[in-house]
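In the order they appear, the protein sequences are chains A and B. Sequential numbering from 1 applies to the first sequence in our numbering. Sequential numbering from 170 applies to the second sequence in our numbering. Positions of the beta carbon are idealized from the N, C-alpha and C atoms, including for glycine. Worksheet: the structure to be examined is printed underneath.
2 protein chains.
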Amino acid sequence: MKVEGSEVDRRLEKFKRAAKRAGFKLTHQRLEISREVASSLEHPDADAIFRAVQRRMPTVALDTVYRTLRMLDELGLVTTLGTRRESARFDANLGHHHHYICVRCGMARDFESSAFNALRIPAAAKSFGSVVATHVEIRGICGRCETKFARQSTPRKPNRPRGRHRRKT
Amino acid sequence: MKVEGSEVDRRLEKFKRAAKRAGFKLTHQRLEISREVASSLEHPDADAIFRAVQRRMPTVALDTVYRTLRMLDELGLVTTLGTRRESARFDANLGHHHHYICVRCGMARDFESSAFNALRIPAAAKSFGSVVATHVEIRGICGRCETKFARQSTPRKPNRPRGRHRRKT
DNA sequence: CTGACTGCAAACCCTTTGCAGACCG
DNA sequence: CGGTCTGCAAAGGGTTTGCAGTCAG
Numbered sequence: 001m002k003v004e005g006s007e008v009d010r011r012l013e014k015f016k017r018a019a020k021r022a023g024f025k026l027t028h029q030r031l032e033i034s035r036e037v038a039s040s041l042e043h044p045d046a047d048a049i050f051r052a053v054q055r056r057m058p059t060v061a062l063d064t065v066y067r068t069l070r071m072l073d074e075l076g077l078v079t080t081l082g083t084r085r086e087s088a089r090f091d092a093n094l095g096h097h098h099h100y101i102c103v104r105c106g107m108a109r110d111f112e113s114s115a116f117n118a119l120r121i122p123a124a125a126k127s128f129g130s131v132v133a134t135h136v137e138i139r140g141i142c143g144r145c146e147t148k149f150a151r152q153s154t155p156r157k158p159n160r161p162r163g164r165h166r167r168k169t
Numbered sequence: 170m171k172v173e174g175s176e177v178d179r180r181l182e183k184f185k186r187a188a189k190r191a192g193f194k195l196t197h198q199r200l201e202i203s204r205e206v207a208s209s210l211e212h213p214d215a216d217a218i219f220r221a222v223q224r225r226m227p228t229v230a231l232d233t234v235y236r237t238l239r240m241l242d243e244l245g246l247v248t249t250l251g252t253r254r255e256s257a258r259f260d261a262n263l264g265h266h267h268h269y270i271c272v273r274c275g276m277a278r279d280f281e282s283s284a285f286n287a288l289r290i291p292a293a294a295k296s297f298g299s300v301v302a303t304h305v306e307i308r309g310i311c312g313r314c315e316t317k318f319a320r321q322s323t324p325r326k327p328n329r330p331r332g333r334h335r336r337k338t
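Here is the structure:
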C-alpha cells in the first residue's frame, strides 16, 4: 500500500525545498530515503526503510538512513509515532484515562474526561479491525517548560531527552 | 506528586493478590518496586523506579526492577505509555490525523476525522500547560490478526514484537 | 575544489539473559 | 528444604558517533 504518486511528489518537493533552505545537500541517499518515507503508509521503522531503499541502492548504509530520518525529523518533515523514543514508561492507573504530554521535557500526566471516553469511532477506523480501546493524547508545553523557556522560539521538536537517565557507572 | 495513600494501598493489595494467584513469590524487592509504581503519577521509567527504590533498598539491582515491571505488565497490572516499545516509526503525513494501532502485530494506520480534530480540551488537561496538538489513538486487533488468531483467546498484551526486524547479519 | 556526507565499525543506551548464591513459603 | 528469585555481568537490539574517503555544489 502506497501513498498516491502525486502526493509523494508533493512531499518530496517540500523535502527538497526545506533541506536546501536549511543548507543540506541533496544527495542520492537522502532523496531515496525521503522518497521511501514519503510514499509509505505503513509507518515504517528505520530498518524497514533501510531494506526498501537498499533494493534500489545496494550500497546504502543503515546509519545513513538513521541520519536522514533524523534530519527529516528535525526539519519537521516527518513525525514519529507514539511518544518520543526513550525508555519505556509505566502507568499503574488502569482506569480509562487520557494523557497530556509535554513535547519539551516529556512530562506525562493522566487526566479524565467522560467526553473523551464516549468518543464515537469513525467508520474509517473501524475498517481496520476491531476496537479495544481509545485514548486521547494531548501534546503541549507544560507550565514549567513554558516559564523556563519563555523567550526561546517554539521548537519544532522536543529537545531530545538523550542521556537523561544517568547510570551510576 | 504522589498518588493518594489509600489508592496506593488498594493497588498494592491488588498486586499482591494477582501475583499470589499467578504463583509469584512476594519478595521485598517486588513489593517495594510495586509500591513505587503504584504511588507515582509521573509515569516513571525503569531507571527512575530503580533510583527511587534504591533509596530504601540499596542492594536492589536494575534488572530486578525490569523483571518486576515485566511481571506487572504481563499480569495486566500496569500499562506502558505510548506505543509498545520497539523501534521508532516514522510518519510523513503532516496533516491532522489520528492512528489506529493493532495491539497484536503493531500495524499502524492513519485515519481522518473532523470530529476528532474538533475535540474540546478539558480544563483538567489545560491545567498542565499549553496545547499544541491533540491526537486520538485507537487500539484494536486488525482484520488480518483477527482472522489469523481467530481461536486464540484475547491476550492482555500484544505479543511482543521482539526481534521482528531482522538484520542481515 | 572543499566542506558536507557516506560507509564502516565501534560505542552507547536500554533491556534481557545465564548463572550461582539467597530466600520465600 | 526446593524451587523461585536476586544480583552480577555479559549479551542483545536499536541508535548514534568518530573517522577517512567521496561527492554535491
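{"Check": "Got a sec: is the Cβ-Cβ distance from R30(A) to anything in chain B below 8 Å?", "Outcome": "no"}
{"Check": "State the start and end residues of the unbroken alpha helix (DSSP H) segment that holds I218(B).", "Outcome": "215 to 225"}
{"Check": "In three-state DSSP terms, what is C274(B)?", "Outcome": "coil"}
{"Check": "Would you identify the three-state DSSP class for H28(A), choosing helix, strand or coil?", "Outcome": "helix"}
{"Check": "Can you give me the Cβ contacts of M107(A) inside the same chain, cut-off strictly under 6 Å, excluding the 5 residues immediately before and after it?", "Outcome": "C142"}
{"Check": "Since V272(B) and G245(B) are thought to touch, with beta carbons under 8 Å apart, how far apart are those beta carbons, to the nearest angstrom?", "Outcome": "V272(B) to G245(B), Cβ: 13 Å. No contact."}
{"Check": "Considering G5(A), what are the terminal residues of the alpha helix (DSSP H) in which it resides?", "Outcome": "5 to 21"}
{"Check": "Cβ closer than 8 Å: which chain B residues qualify as neighbours of A108(A)?", "Outcome": "E211, H212, L250"}
{"Check": "Could you check what DSSP says for N114(A) in three-state terms: helix, strand or coil?", "Outcome": "Sequence check: residue 114(A) is Ser here, not Asn. Residue state, collapsed to three classes: helix."}
{"Check": "What would DSSP say about E74(A), mapped onto helix, strand or coil?", "Outcome": "helix"}
{"Check": "Beta-carbon separation of H97(A) and F111(A) under 8 Å?", "Outcome": "yes"}
{"Check": "Figure out for me which residue from R258(B), G298(B), L195(B) has the closest Cα to the Cα of E182(B).", "Outcome": "L195(B)"}
{"Check": "Could you pull the start and end residues of the alpha helix (DSSP H) that E306(B) belongs to?", "Outcome": "No alpha helix (DSSP H) holds E306(B); the beta strand (DSSP E) holding it covers 298 to 311."}
{"Check": "Within 10 angstroms of its Cβ, does R35(A) collect 16 or more other Cβ (buried), or is it exposed?", "Outcome": "buried"}
{"Check": "Does DSSP classify M1(A) as helix, strand or coil?", "Outcome": "coil"}
{"Check": "Would S153(A) count as contacting chain B if we go by Cβ distances under 8 Å?", "Outcome": "Any reading at S153(A) is ruled out, since the residue's pLDDT is 49, under 50, leaving its predicted position unreliable."}
{"Check": "What would DSSP say about E89(A), mapped onto helix, strand or coil?", "Outcome": "As written in the sequence, residue 89(A) is Arg, which differs from the Glu given in the question. Three-state DSSP puts R89(A) in a strand."}
{"Check": "For the region 45 to 64 of chain A, which residues have a beta carbon sitting closer than 8 Å to at least one beta carbon of chain B?", "Outcome": "D45, A46, D47, A48, I49"}
{"Check": "For C105(A), tell me which candidate among R144(A), V65(A), S127(A) has the shortest Cα-Cα distance.", "Outcome": "R144(A)"}
{"Check": "Answer with yes or no whether the minimum CB distance from G174(B) to chain A is below 8 Å.", "Outcome": "no"}
{"Check": "Please list, in chain order, all residues of the same chain as L288(B) whose beta carbon is under 8 Å from its beta carbon, the five residues on each side excluded.", "Outcome": "T303, V305"}
{"Check": "From what residue to what residue does the alpha helix (DSSP H) around A292(B) run?", "Outcome": "292 to 295"}
{"Check": "Would H96(A) count as contacting chain B if we go by Cβ distances under 8 Å?", "Outcome": "no"}
{"Check": "So, helix, strand or coil for T316(B), using DSSP?", "Outcome": "helix"}
{"Check": "Starting from the beta carbon of D260(B), find every residue of chain A whose beta carbon is closer than 8 Å, and list them in chain order.", "Outcome": "H43, V78, T79, T80, L81"}
{"Check": "Spatial neighbours of K185(B) within its chain, please: CB distance less than 7 Å, with the 5 preceding and 5 following residues excluded, ordered by chain position.", "Outcome": "L195"}
{"Check": "How would you list, in chain order, the residues of chain B whose beta-carbon sits under 7 Å from the beta-carbon of I33(A)?", "Outcome": "Residues of chain B passing the Cβ test: none, with the nearest at roughly 10 Å."}
{"Check": "Are the C-beta atoms of T134(A) and some chain B residue less than 8 Å apart?", "Outcome": "yes"}
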